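Number of protein chains: 4
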Amino acid sequence: MEKKGHFSPRTDLAVEARDMIVEKSGDSLDKKGIISTEENRGGVKVSTVKITSDASVDIGKQPGTYVTIYTDSVKRQDTDRQQMASKVLAEEIGKLLEESGIEKGMKGLVVGLGNWQVTPDALGPMTIEQVLVTNHLFELEVETVHGDYRPVAAVSPGVMGLTGMETSDIIFGIAEKFKPDFIIAIDALAARAVERLNETIQLSNAGIHPGSGIGNKRKAISKETLGVPVFALGVPTVVDAATIASDTMDDLLKYLGRTWENDNKPSQSLVPGGFHFGKEKLTDDDMPDMDKRQVFMGMVGTLSDNEKRELVREVLGPIDHNLIVTPKEVDGFMEDMSHVIAAGINAALHGKIAADESSGYTR
Amino acid sequence: MEKKGHFSPRTDLAVEARDMIVEKSGDSLDKKGIISTEENRGGVKVSTVKITSDASVDIGKQPGTYVTIYTDSVKRQDTDRQQMASKVLAEEIGKLLEESGIEKGMKGLVVGLGNWQVTPDALGPMTIEQVLVTNHLFELEVETVHGDYRPVAAVSPGVMGLTGMETSDIIFGIAEKFKPDFIIAIDALAARAVERLNETIQLSNAGIHPGSGIGNKRKAISKETLGVPVFALGVPTVVDAATIASDTMDDLLKYLGRTWENDNKPSQSLVPGGFHFGKEKLTDDDMPDMDKRQVFMGMVGTLSDNEKRELVREVLGPIDHNLIVTPKEVDGFMEDMSHVIAAGINAALHGKIAADESSGYTR
Amino acid sequence: MEKKGHFSPRTDLAVEARDMIVEKSGDSLDKKGIISTEENRGGVKVSTVKITSDASVDIGKQPGTYVTIYTDSVKRQDTDRQQMASKVLAEEIGKLLEESGIEKGMKGLVVGLGNWQVTPDALGPMTIEQVLVTNHLFELEVETVHGDYRPVAAVSPGVMGLTGMETSDIIFGIAEKFKPDFIIAIDALAARAVERLNETIQLSNAGIHPGSGIGNKRKAISKETLGVPVFALGVPTVVDAATIASDTMDDLLKYLGRTWENDNKPSQSLVPGGFHFGKEKLTDDDMPDMDKRQVFMGMVGTLSDNEKRELVREVLGPIDHNLIVTPKEVDGFMEDMSHVIAAGINAALHGKIAADESSGYTR
Amino acid sequence: MEKKGHFSPRTDLAVEARDMIVEKSGDSLDKKGIISTEENRGGVKVSTVKITSDASVDIGKQPGTYVTIYTDSVKRQDTDRQQMASKVLAEEIGKLLEESGIEKGMKGLVVGLGNWQVTPDALGPMTIEQVLVTNHLFELEVETVHGDYRPVAAVSPGVMGLTGMETSDIIFGIAEKFKPDFIIAIDALAARAVERLNETIQLSNAGIHPGSGIGNKRKAISKETLGVPVFALGVPTVVDAATIASDTMDDLLKYLGRTWENDNKPSQSLVPGGFHFGKEKLTDDDMPDMDKRQVFMGMVGTLSDNEKRELVREVLGPIDHNLIVTPKEVDGFMEDMSHVIAAGINAALHGKIAADESSGYTR
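Residue numbers (UniProt numbering), protein chains in the order written: chain B, 1 to 363; chain C, 1 to 363; chain H, 1 to 363; chain Z, 1 to 363.
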């Protein structure tokens, strides 16, 4: 999780990249080589985006399958729905493993990326502490391990500031000795929208490509560099001030747009307290037309979503205001989210563990 | 540290309240019964605001002396300057103690308010762990205590969600048994400006007045309720999304204003990357006139600072986007800031401890 | 949990006190005013000792009911049996509450004694973090609280070295404000037998009597000092080197005694490796007669259990070897044991929570 | 840190192995190929044992130099003397580095062995958190690194129960990528004498040889397996009940021996309280002759130190009483000891850091 350079349209989430590319080009997804489906399972929304090699360059993401699971169960501290999210995650991991030809007894290495001294970046290490590790039992006490378990190892390699070494080197070194059949890597991400913070889990079979710029190729943690499938599992846990500000300006425009519709007299509405339409969620339909946007917010109001964010980054950058922030409840969120993910991984990897009762294994 | 109601112009910091009242009324401070001085000591800016009983209602703060110490040493992770901040804090605490008639051997109770399970709210409890506690030595092994120490006790009462009890009741109960001559209460605050986050330490002799609304009188932790002077020590550690957004919009206006001055062609500059005036800090002088503000940001651009923030809160409130956030480095910031404060308190309370070498006592 | 003076025959556990008094006097328990019963419930042994006022002085324990629950589920890391222990604990707390006239809606204060910076002394504070706190809901959102809950508050008052204040003063102060109908106090104890370490939970209605010597009366946390029933809940988590050594010498005598019986040639058996009777547990029946004890361990072998321990304390005391120790797995033991106790308390206090599914509330 | 098999005369400390071999054979050390020197520097005793290849088999330790630093500064919580211990440690590390041909700019890997979830086994990981890591600065911002620093990396590989992998495999994998010029490995050890617990730091250039039995060769972390010098740094943090009991029995014999000398009437002295010779430390000279040992403690009293311990292990083993324990103050001890070691390592590795002011780098 690194602070991205200014003006970089890069996002860690495929669903965001997909939306950006559509916004920009106006083309249909099919034409671009992107297949996108959505489904609702037990109250959990699951969005799947498949990116072909052709589409990869355009969208700025590696080819592969990207699954996004939407769950506000962590934010709402709803234990029952957290269990449901774990179950759905387990199913999706299971599907991706199968697609990639990973069979029942094959051995896995789970890698928790991030810095355990920085809570919002500790999702990986916190998950690792709850992953059911079995590989040593296969080596030492094979008679105690049921056929429904598979050999699993787990490690938190730290970050460069803690170890002094390239994280990818540590993983490569360990993988060469351990020789896993597949790798699952967990990481905290930066959100490009406030609403995704601690609400989405992205899972893909495309590996991890830090920086993703030229010359960084060797640092990717992927099938190309490691020779075995690498599944990446990420959750946005931080957001920058520029994103908060530009998201808020969009909301402001929608809000004023809706008010105009309702009252036809926005100028009065600008007096605080003048709005009465309650708690209905603002939607894209509330965004007013270009003329009204200019009235409400001048030239700034006419910028596109991306242009606005980039302008704000330009403004905040030099004066060092572009804070990376996390919700104040970060401790509880990280605890619950790492639990959801570890329970999902444990149920996916070991046939013996039922998805909805796997929480016992994570204590 | 509670989420404040929408549209409340309330702030925990006296310097902010002072600025708001000036902005609103245009009157001079003297006329309002507010005496404000500023000084720079060893690179640390110290601002002192004295509020008379007359001014108290207007400004919405209890009468008393409010000292604000500005230090970015925690943000910059600069250990030497953190020591200097502790030294200045010790001097200011010393002055306030003396003003309030607290003599050398009098016994103190240090109270760390806040929730130790929520890192940005744990400043009080984290500080308490580092406060030099001596009272029991005076009772049990009086011969081991030099004359330069005073009896000090310390407690973290928790928050209602943890204890089920009113925090003020816990403090009242303990104070009735312990009978301190004075109390120092430490708390994390909400910032009303991003730039104050973890950068200002406010110290006052006015006690703590949570909620500060009608009917909450009994919950104040103050000389009125406890019979002895109560010194409050607070640091802003969180900020809400509305503040981030409205601060950013102000910066945006200043930025565009400065660009206009430089280039006289702001329209082009809106293309990202079009700005070249480097890292000079934006100042109030960069804020353009009303006409230009309207051009840049429409009706929203013409709102005052307060109106903007209140509008944003109105917008964010219903759709639940008004997150309370904290910088992602919260763990390190809380550790260093609690160290700075504990070192300052220890040096102020015990003559034996030199302010700049007191860090040894906080490990 | 304090290091006890040398030669003090004092024990925190009533079952140990009972055994000691029988050993010393040879009298029957009935005659002494002690009623002792034992039962096995779901694999958990429960021993109940009732001490009358008459017996109180002899046995060195306050009059009252003392329940000891034996469970090696924590040591064995057996989650299922830990749940059973919680269930039995809940039942026993329920019985004691009823006996003491505590009715359904009456409000309770749970107090976690001990030092959270010293893991084996942190049982109280760790339990408090998992106790379901409801009192504030009754005050603030009474409509959300079912009739099956009762108002419960919880606090960890710390120890004198942390706060500088008498722990009892803190509790008295809080209780005067909160006015609970009953108090449950949790503490870590010193074991007088290695085998009880983290294996027994003692519950009583006799309050807590630290030091229990003359002049300490005022510091007791009991019905006498607080006016409401005080239930004490303790678990031995540490043991001193003298206890380890004298317990081991007893085992040595039994071992040699059994060998003599088996081989009739103990002299040879003293060559290590000479014993073959496997893993059968040594019992009191294995203790050889006085003559053999003299042969095996000389004058020391002829001492009684108490005399031996006191002699060892005399030896170890001056040379500072009488360490207080805890098993190296202390972190895991404290975590599991605090969970067992909190789950038991939560189920006992709130009718809504089933004893065996209450673990969900302690996360 | 593993529980050793019964009857194994193995010890992690060379000074103990040296003493055992002398006790057993009666030979002089020289003759055995062991050179042993002792010195006192600034109040810190330093003992150096050099073991030749010839002596290696006899003594059961790898050939090499073993330095033992005696410091009770951690136990006594004496910060000044802890600094002195760090200074001496830095000097000794410096000497060993030089002896092994490690030059100024050569790069080092510091490895913290042990389990961070088990406090007494967390010495390695806790030290790593405080080691000054610089390697990445040499790669990324070489201009910020003074010539007096060297590139240092650090890692805590965990234990098999946490990772599922052989710890040595993790280290080998990382070392192959990082290619250090030397390795320093820190580990918690089991003490063979209560008095060494948290009081001795052993440093050697002989690497780490877990198990040290046949067939485990490949798991050694040493120059043989890694190709570069491996310095091992160990501190005894746990002790087993058998050691406590047999040490205590020895003390008991010495105590009775001294009493006999003083009073000539030991029988009376066995009544507790009958001893009056104060707090003088028992020494080997107090050990009575064989006849008196038989009188005092029968056949058991006549056993040698080793025989006694082995007999006790035989007794305790089957009945599962042979606990591995740690002092109850384990949290504080580990914190201070890890600080002492990290400060010593930092000062030894970076010329820029003065040994006695290096503590600032470990916060």
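Heads up, the beta-carbon is just placed ideally off N, CA and C, and yes, glycines get one too. Since the model is a prediction, treat every value here as computed from it, not as a measurement.
**Any C-beta of chain C under 9 Å from that of Pro-327/B** = The residue you call residue 327/B lines up with position 327 of the first sequence. Yes, Pro-327/B lies at the interface with chain C (some Cβ there is under 9 Å from its Cβ).
**Message:** Looking at Ile-186/H: is its Cβ nearer than 9 Å to the Cβ of Leu-140/H?
**Reply:** Translated into the one-based positions of the third sequence, residue 186/H becomes position 186. Translated into the one-based positions of the third sequence, residue 140/H becomes position 140. No; because the gap between Cβ atoms is not below 9 Å, this pair is not in contact.
**Request:** Give the DSSP bridge partners of residue 394/B, in chain order.
**Result:** Chain B is shown only over 1 to 363; residue 394/B falls outside these bounds and no answer can be derived.
**Asked** Can you check whether the CB of Thr-71/B is closer than 9 Å to the CB of Met-84/B?
**Response** On the first sequence, position 84 is the one that residue 84/B refers to. On the first sequence, position 71 is the one that residue 71/B refers to. Against a cut-off of 9 Å, the Cβ pair of Thr-71/B and Met-84/B comes out as a contact.
**Request:** Determine the chain Z residues that contact His-136/B at a beta-carbon separation under 9 Å, and present them in chain order.
**Result:** For this step, residue 136/B is matched to residue 136 along the first sequence. Chain Z residues near His-136/B: Met-160, Gly-161, Thr-163, Gly-164, Met-165, Glu-166.
**Alpha carbon of Met-334/H to alpha carbon of Pro-120/H, nearest angstrom** = Against the third sequence, residue 334/H aligns to sequence position 334. Against the third sequence, residue 120/H aligns to sequence position 120. So the alpha carbons of these two residues sit roughly 7 Å apart.
**Prompt:** Looking at the structure shown, is Pro-236/B part of a helix, part of a strand, or coil, going by DSSP?
**Reply:** Taking the first residue of the first sequence as position 1, residue 236/B is located at position 236. Reduced to three states, the DSSP call for Pro-236/B is strand.
**Asked** Looking at the unbroken beta strand (DSSP E) that takes in Gly-60/C, where does it start and where does it end?
**Response** If you number the second sequence from 1, residue 60/C lands on position 60. Careful: Gly-60/C lies outside any beta strand (DSSP E) and carries neither H nor E.
**Message:** Run through the DSSP bridge pairs and tell me what Pro-180/C is partnered with.
**Reply:** Locating residue 180/C in the second sequence gives position 180, where the first residue counts as 1. Answer is none; Pro-180/C lacks a bridge partner.
**Cα-Cα separation, Val-44/C to Lys-179/B** = Along the second sequence, read from residue 1 onward, the residue named residue 44/C stands at position 44. Along the first sequence, read from residue 1 onward, the residue named residue 179/B stands at position 179. Near 56 Å, if we compare the C-alpha coordinates of Lys-179/B and Val-44/C.
**Request:** Could you check if Glu-38/C is buried or exposed, using at least 16 other CB atoms within 10 Å of its CB as the buried criterion?
**Result:** Your numbering for residue 38/C matches position 38 in the second sequence. Glu-38/C is exposed by the Cβ-count criterion.
**Proximal residues of chain H, C-beta to C-beta of Ala-191/Z below 8 Å** = Here residue 191/Z is taken as the residue at index 191 of the fourth sequence, counted from 1. None at all; the shortest Cβ gap to chain H is about 11 Å.
**Request:** Give a yes or no on whether 9 Å exceeds the smallest Cβ distance from His-350/Z to chain H.
**Result:** Here the question's residue 350/Z lines up with position 350 in the fourth sequence. No, His-350/Z does not count as interfacial toward chain H.
**Request:** Tell me where the alpha helix (DSSP H) around Thr-225/Z begins and ends.
**Result:** Residue 225/Z sits at position 225 when you count from the first residue of the fourth sequence. Start and end: 223 to 226.
**Prompt:** Taking Cβ to Cβ, would you say Thr-52/Z is nearer than 9 Å to Ala-206/Z?
**Reply:** The sequence position of residue 52/Z within the fourth sequence is 52, counting from 1. The sequence position of residue 206/Z within the fourth sequence is 206, counting from 1. No, the Cβ-Cβ distance between Thr-52/Z and Ala-206/Z is not below 9 Å.
**Prompt:** Looking at the unbroken alpha helix (DSSP H) that takes in Val-88/B, where does it start and where does it end?
**Reply:** Here the question's residue 88/B lines up with position 88 in the first sequence. First-last of the alpha helix (DSSP H) with Val-88/B: 79 to 99.
**Request:** Rounded to whole angstroms, what's the CA-CA distance from Gln-202/Z to Phe-231/Z? Just pull it up for me.
**Result:** Working through the fourth sequence from its first residue, we reach residue 202/Z at position 202. Working through the fourth sequence from its first residue, we reach residue 231/Z at position 231. Approximately 10 Å between the Cα atoms of the pair.
**Request:** Buried or exposed for Ser-338/B, please, with buried defined as at least 16 other CB atoms from any protein chain shown within 10 angstroms of its CB.
**Result:** Position 338 of the first sequence, counting from 1, holds the residue named residue 338/B. With 16 or more Cβ atoms within 10 Å of its Cβ, Ser-338/B is classed as buried.
**Message:** Can you confirm whether residue 367/H, when its beta carbon is compared against all beta carbons of chain C, has any partner nearer than 9 Å?
**Reply:** It is not possible to answer for residue 367/H, since the shown part of chain H is limited to 1 through 363.
**Prompt:** Is it a yes or a no for the region 147 to 164 of chain B touching the region 150 to 167 of chain Z, going by three-plus beta-carbon pairs under 8 Å?
**Reply:** yes
**Message:** Across the region 93 to 111 of chain C and the region 293 to 311 of chain C, are there enough close Cβ pairs to call them in contact, namely three or more that are closer than 8 Å?
**Reply:** no
**Message:** Assuming Val-325/C and Ala-188/C are in contact, meaning their beta carbons sit under 8 Å apart, how far apart are those beta carbons, in whole angstroms?
**Reply:** On the second sequence, position 325 is the one that residue 325/C refers to. On the second sequence, position 188 is the one that residue 188/C refers to. About 13 Å separates the two Cβ atoms, so there is no contact after all.
**Asked** Closest by CA to Gln-117/B, which one among Met-160/B, Arg-293/B, Thr-283/B?
**Response** As a working mapping, residue 117/B is identified with position 117 in the first sequence. Nearest C-alpha to Gln-117/B: Met-160/B.
**Prompt:** Taking Cβ positions only, does Arg-196/C come closer than 9 Å to chain B?
**Reply:** Mapped onto the second sequence, residue 196/C falls at position 196. So, not an interface residue.
**Prompt:** Nearest chain H C-beta to Pro-63/Z closer than 9 Å, yes or no?
**Reply:** Within the fourth sequence, numbered from 1, the residue matching residue 63/Z stands at position 63. For Pro-63/Z, the answer is no, since every Cβ of chain H falls outside 9 Å of its Cβ.
**Request:** Thinking Lys-75/B and Asn-262/B are a contact (beta carbons under 8 Å), I'd like their distance in whole angstroms, please.
**Result:** The residue labelled residue 75/B in the question sits at position 75 within the first sequence. The residue labelled residue 262/B in the question sits at position 262 within the first sequence. With a Cβ gap of about 29 Å, Lys-75/B and Asn-262/B do not count as contacting.
**Message:** Cutting at 6 Å between CB atoms, please list the residues of its own chain near Ile-35/Z, excluding the five before and the five after it.
**Reply:** Your numbering for residue 35/Z matches position 35 in the fourth sequence. Cβ neighbours of Ile-35/Z beyond the five flanking positions: Lys-50.
**Request:** May I ask you to report which of helix, strand or coil DSSP gives Leu-203/B?
**Result:** Within the first sequence, residue 203/B is the residue found at index 203, counting from 1. Three-state DSSP puts Leu-203/B in a strand.
**Item:** CB contact check: Ala-175/H to chain C, cutoff 9 Å
**Value:** Within the third sequence, residue 175/H is the residue found at index 175, counting from 1. Answer yes: the Cβ-Cβ gap between Ala-175/H and chain C drops below 9 Å somewhere.
**Request:** Answer with yes or no whether the minimum CB distance from Tyr-255/Z to chain H is below 9 Å.
**Result:** In the fourth sequence, counting from the first residue as 1, residue 255/Z sits at position 255. Judged by the 9 Å Cβ criterion, Tyr-255/Z is in contact with chain H.
**Asked** Which two residues bound the contiguous alpha helix (DSSP H) that contains Pro-157/C?
**Response** Numbered from 1 along the second sequence, position 157 holds the residue referred to as residue 157/C. Counting along the chain, Pro-157/C falls outside any alpha helix (DSSP H), and DSSP gives it neither H nor E.
**Request:** State the Cα-Cα distance for the pair His-6/C and Gly-317/C, rounded to the nearest angstrom.
**Result:** As a first step, residue 6/C is located in the second sequence; it is residue number 6 there, counting from the start. As a first step, residue 317/C is located in the second sequence; it is residue number 317 there, counting from the start. The predicted position of His-6/C is uncertain, since its pLDDT is 29 and thus under 50; no value can be drawn from it.
**Request:** Find out if the Cβ-Cβ distance for the pair Met-297/C, Met-249/C is shorter than 9 Å.
**Result:** In the second sequence, the residue the question calls residue 297/C occupies position 297. In the second sequence, the residue the question calls residue 249/C occupies position 249. Against a cut-off of 9 Å, the Cβ pair of Met-249/C and Met-297/C comes out as a contact.
**Message:** Please classify Thr-144/H as buried or exposed, where buried requires at least 16 neighbouring CB atoms within 10 angstroms.
**Reply:** Mapped onto the third sequence, residue 144/H falls at position 144. Thr-144/H should be labelled exposed.
**Prompt:** From Leu-123/Z, Trp-260/Z, Pro-229/Z, Val-340/Z, pick the residue whose C-alpha is nearest to that of Val-238/Z; which is it?
**Reply:** Within the fourth sequence, residue 238/Z is the residue found at index 238, counting from 1. When each option's Cα is compared against that of Val-238/Z, the closest is Leu-123/Z.
**Message:** Suppose you measure from the CA of Gly-147/C to the CA of Leu-109/C; what does that come to, to the nearest Å?
**Reply:** Counting from 1 along the second sequence, the entry for residue 147/C is found at position 147. Counting from 1 along the second sequence, the entry for residue 109/C is found at position 109. Between Gly-147/C and Leu-109/C, the C-alpha separation is close to 18 Å.
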